[in-house]
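Below: the structure, in structure tokens.
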Amino acid sequence: MNLDLAFYLAVFRRRLPYFLTTAFLITAAALAVAVVLPPQYQSEARLLLEASQIPDAMAAPTVQAAAVEKLQILQQRLMTRENLLRIARNRVVFEDIAKMTPNEIVKQMVSHTDIGIRGGQQQATLMDLAFTARTSEIANAVVTDFVTLVLAADVDVRIESAKETMEFFQQETTRLSDRLARLSANILEYQNANADALPDTLQFRMSQLAQLQERLAANERETRLSTDQKSRLVAIYDAALASGVGALPPTEEARQLIVLRDQLAQARIIYSETNPRIRILEEKVNVLEETVRQQTASGMSGLEAGGAGTTLKFQIADLDSTLAQLAAQKAELTNQIAALRETIDRTPEVKIGLDGLEREYANIQQQYNTAVANLAAASTGERIEVLSKGARVSLLEPATQPDSPSKPKRRMIVLLGMVGGIGAGLGLVLLIELLNRAVRRPKDLVDAFGITPIATIPYMQTPEEIQARRMTVLLAVALFGIGLPAAIYAVHSYYMPLDLFLAKVAAKLGIRL
Numbered sequence: 001m002n003l004d005l006a007f008y009l010a011v012f013r014r015r016l017p018y019f020l021t022t023a024f025l026i027t028a029a030a031l032a033v034a035v036v037l038p039p040q041y042q043s044e045a046r047l048l049l050e051a052s053q054i055p056d057a058m059a060a061p062t063v064q065a066a067a068v069e070k071l072q073i074l075q076q077r078l079m080t081r082e083n084l085l086r087i088a089r090n091r092v093v094f095e096d097i098a099k100m101t102p103n104e105i106v107k108q109m110v111s112h113t114d115i116g117i118r119g120g121q122q123q124a125t126l127m128d129l130a131f132t133a134r135t136s137e138i139a140n141a142v143v144t145d146f147v148t149l150v151l152a153a154d155v156d157v158r159i160e161s162a163k164e165t166m167e168f169f170q171q172e173t174t175r176l177s178d179r180l181a182r183l184s185a186n187i188l189e190y191q192n193a194n195a196d197a198l199p200d201t202l203q204f205r206m207s208q209l210a211q212l213q214e215r216l217a218a219n220e221r222e223t224r225l226s227t228d229q230k231s232r233l234v235a236i237y238d239a240a241l242a243s244g245v246g247a248l249p250p251t252e253e254a255r256q257l258i259v260l261r262d263q264l265a266q267a268r269i270i271y272s273e274t275n276p277r278i279r280i281l282e283e284k285v286n287v288l289e290e291t292v293r294q295q296t297a298s299g300m301s302g303l304e305a306g307g308a309g310t311t312l313k314f315q316i317a318d319l320d321s322t323l324a325q326l327a328a329q330k331a332e333l334t335n336q337i338a339a340l341r342e343t344i345d346r347t348p349e350v351k352i353g354l355d356g357l358e359r360e361y362a363n364i365q366q367q368y369n370t371a372v373a374n375l376a377a378a379s380t381g382e383r384i385e386v387l388s389k390g391a392r393v394s395l396l397e398p399a400t401q402p403d404s405p406s407k408p409k410r411r412m413i414v415l416l417g418m419v420g421g422i423g424a425g426l427g428l429v430l431l432i433e434l435l436n437r438a439v440r441r442p443k444d445l446v447d448a449f450g451i452t453p454i455a456t457i458p459y460m461q462t463p464e465e466i467q468a469r470r471m472t473v474l475l476a477v478a479l480f481g482i483g484l485p486a487a488i489y490a491v492h493s494y495y496m497p498l499d500l501f502l503a504k505v506a507a508k509l510g511i512r513l
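Using the UniProt record's numbering, you'd call the opening residue of the sequence shown number 1 and step up by one each time.
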């Protein structure tokens, strides 16, 4: 590829006015912006999140949150609308703040504030606060206000959280204590309502039931003996009446016969019929019965008529009274046994209900014990926060008043303007040449028409044309070189400060200056 440097240099010289005009205009604009932009002073402060001064193993703090999260919470509390408006108005941060709306003030305060949070595992957690203002005094004052608000918010957050935690557990212990009292009353009421069927007295009632059953069995045995004795007396009385000697008193053999019959009846309750004792008693009874029959038949009583019948009647009446007492005793024993059995049958049901109440009471008691322990820990944690012995934010580097403005970087703006102007001028020249399709050299004729010219005659400008062209270029350069900075100054002075104007443009474009 053959590069015709002479041709391109000639083209550049011919387009030199466009290049110089573009470069000069952009450089002049950058210079005007660098001169017109007001100085901005930035003040900075650094805060440190300190660890708790008391080991967690000895007294765990109430306020527990991640370090970065805690600083983020403080940042949100700092950047509230109320705080920003109050600081901006108290410090007169902006020159025309009286004409600005609250939304504009808040927006500008946010754009001039820079907050950085740094931290991580096994690293200190830091918060950097910076504010840019039109004077160093204002920047320093605003950062100082920021630091004061952050430290105050940290104290408020810690103490408020600790107090809320303690109040919560106080309410929880009171609630659980009241519930325990109600459950205790319910358990007592339930025990009183089922006092006869409580599980604790089951063994006693079972032993009582066994004793009553033994007494009932003894009562039945005594009833049978008395009934047999009465039957025998009635039989003797009837036999005496039938033989006509009802008035004869009983003999000694008759009395022995009664006693032996009683012994036989008792023995039959205890022993079987084949027992030798039963047989001996039966033989004695048979012998005495025969003797009594003989005495009754021969009439050898020797007593006054009517005495024996009266005695038998008295004995039968005594037995009737004994049987009545035994029947009453049996009825009472039967009722007592039935009542005991009813309470014993109800004991499992009562035990289930009582176990449910006691289980609920034990659960609430465990919750109450946990709440009391947590209340003690919360009280200790609240004391730690009040004395500022827990994790807290401290001022590591206070705000200092800057000696020189941090913005704008005037030299950088001018340098960037010059570089941008040169680049834009070169780009303009290149664009013009790319769009120019005119024939300007013999090679263009060969490429366009396929002929080779014998000679070429360049266009010869007259001195007047050259002079006019130079005047036009100079006039344009003078016009734009003076008019553009003048226009920028007019916008800054009469329409809107250039920093605000650029900030609005950058905000719309999503660029942060």
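Glycine included, C-beta positions come from ideal geometry on N, C-alpha and C.
Less than 8 Å divides the Cβ of L180 from the Cβ of Q365. The Cβ-Cβ distance between R221 and I258 does not fall below 8 Å.
Per DSSP, reduced to three states, the secondary structure at R118 is strand. It is roughly 25 Å from the alpha-carbon of R469 to the alpha-carbon of A29.
A Cβ-Cβ separation of about 5 Å places T22 in contact with A424 under the 8 Å criterion. When Cβ pairs closer than 8 Å are counted between the two stretches, the stretch 30-49 is seen not to touch the stretch 351-364, the count staying below three. In this structure, DSSP gives S43 an extended state, which the three-state scheme calls strand. Bridge pairing for E397: R46 [DSSP]. DSSP, read as helix, strand or coil, puts T334 in helix.
Residue pairing of Q266 in beta bridges, as defined by DSSP: absent, with no partner found. Comparing alpha carbon positions, the residue from E332, R182 and V419 closest to F19 is V419. Taken atom to atom, the span from the alpha-carbon of Y368 to that of E50 is near 34 Å. Here Y271 is exposed: its Cβ has fewer than 16 other Cβ atoms, across all protein chains shown, within 10 Å. For P405, same chain residues with a beta-carbon under 6 Å away, outside a window of 5 residues either side, are P39, Q40 and Y41 in chain order.
The residue from L416, S226, Q263 and L396 with its alpha-carbon nearest to that of T322 is S226. When beta bridges are read from the DSSP output, L431 appears opposite no residue. Counting only the Cα atoms, N186 lies some 43 Å from A327. One thing to note: N90 has its Cβ no nearer than 8 Å to the Cβ of T400. Shortest Cα-Cα distance from M127 to any of L474, I26, L151 and P276 involves L151. Annotation for L126: the continuous beta strand (DSSP E) segment containing it runs Q123 to A133.
With a cut-off of 8 Å on Cβ pairs, the stretch 161-181 is not in contact with the stretch 95-104, counting fewer than three such pairs. The beta carbon of L281 is closer than 8 Å to those of L260, Q263, L264 and A267 in its chain, skipping five residues each way along the sequence. A contact between stretches requires three or more CB pairs, one per stretch, nearer than 8 Å, and the stretch 193-201 meets this requirement with the stretch 339-350. Selection I87, T334, F24 and R255 evaluated against L474 yields F24 as nearest (Cα-Cα). One thing to note: V11 has its Cβ no nearer than 8 Å to the Cβ of E465. Of the candidates I26, L31 and V93, the residue whose Cα lies closest to the Cα of K409 is L31. Our two residues, L395 and Q75, have alpha carbons roughly 15 Å apart in a direct line. Linking L129 to A67 through their CA atoms gives a straight-line distance of about 17 Å. Residue environment analysis places L431 among the exposed positions, since fewer than 16 neighbouring C-beta atoms fall within 10 angstroms of its C-beta. The three-state secondary structure of K409, taken from DSSP, is coil. In this structure L71 is in contact with T125, their Cβ atoms being roughly 6 Å apart against a cut-off of 8 Å.
Judged by DSSP secondary structure, F168 falls within the alpha helix (DSSP H) whose first and last residues are S136 to A193. At the C-beta level, L209 and I337 come within 8 Å of one another. When secondary structure is reduced to three states using DSSP, R392 falls in the strand class. Rounded to the nearest angstrom, the gap between the Cα atoms of P348 and S207 is 17 Å.
According to DSSP, T472 shares a beta bridge with no other residue.
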